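K.L.:
In terms of the numbering used here, the sequence shown opens at residue 2 and continues consecutively. Ideal Cβ positions, reconstructed from N, Cα and C, are used throughout, including at glycine. All figures in this text were calculated on a predicted structure; none of them were measured in a lab.
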Amino acid sequence: MLFLPFLALFGVIIYMQTRQRKKIQARQEELQAALSVGSPIMLTCGLYGDVAGLDDATVDVEIAPGVVARFARAAVLEVRTTEGTTLDDMDDVDNEVVSDEADSDVGRDRTDPPAARPAKPLAHDDPSA
2 MLFLPFLALF GVIIYMQTRQ RKKIQARQEE LQAALSVGSP IMLTCGLYGD
52 VAGLDDATVD VEIAPGVVAR FARAAVLEVR TTEGTTLDDM DDVDNEVVSD
102 EADSDVGRDR TDPPAARPAK PLAHDDPSA
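Next comes the structure, spelled out in structure tokens:
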């Protein structure tokens, strides 16, 4: 009789893990279907770029004008719209973060570089290290 609650709990845990795995797989398939040449994307390493070419297993990403790098298709984290938001709005928290970032850049020209940080000396340049 004591074994029955543990068996039920184990079944619920297995069911929840399977359901989560299916959701992630469906999201990944949706993302791969949304890829097209010219789409702005973000890679899992945080690199932003535009799709320059597609293959079955790879994606060519233009990370700067004239600079194209090849990555595995699985490295694509999200497809972005021209406004900088993602195509799939997971929840309202993500939308608030995007709008807060957009508000912080109001009045700043997009061609201006970010505020300069003071240079930190390297360890081999610092005699006290």
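Should Gln21 go down as buried or exposed, given a rule of 16 or more other Cβ atoms within 10 Å for buried?
P.N.:
Per the 10 Å Cβ criterion, exposed.
K.L.:
In angstroms with no decimal places, state the Cα-to-Cα distance between Leu66 and Thr19.
P.N.:
According to the sequence displayed, residue 66 carries Pro and not Leu. Cα to Cα, the separation comes out at about 43 Å.
K.L.:
Taking only three categories from DSSP, how would you classify Met17?
P.N.:
Met17 falls in the helix class under three-state DSSP.
K.L.:
Return the bridge partner residues of Pro41 from the DSSP annotation.
P.N.:
Pro41 is bridged to Asp51.
K.L.:
Can you look up Leu3 in the DSSP assignment and give me helix, strand or coil?
P.N.:
Coil at Leu3, not helix or strand.
K.L.:
Look up Ala34 in the DSSP assignment and give the residues it is bridged to.
P.N.:
Note: Ala34 sits in no beta bridge, so no partner.
K.L.:
On the premise that Ile42 lies in contact with Val77, defined as a C-beta separation below 8 Å, what is that separation, rounded to the nearest angstrom?
P.N.:
With a Cβ gap of about 5 Å, Val77 and Ile42 count as contacting.
K.L.:
Quickly, what does DSSP pair Ala73 with across the bridge? List them, please.
P.N.:
Note: Ala73 sits in a beta bridge opposite Thr59.
K.L.:
What number of angstroms, rounded off, separates the C-alpha of Asp57 from the C-alpha of Ala73?
P.N.:
Going by the C-alpha atoms only, they are around 9 Å apart.
K.L.:
Among all the DSSP beta bridges, which residues are the ones paired with Ala27?
P.N.:
None, per the DSSP bridge assignment.
K.L.:
Here's a check: name, in chain order, each residue in its chain whose Cβ is nearer than 8 Å to the Cβ of Ala53, leaving out the five neighbours to either side.
P.N.:
Excluding positions up to five away in sequence, the list reads Val38, Asp61, Val62, Glu63 and Val69.
K.L.:
Pick helix, strand or coil for Glu102, following the three-state DSSP scheme.
P.N.:
Note that Glu102 has pLDDT 46, beneath the 50 cutoff, so the model's placement of it is unreliable and no number is given.
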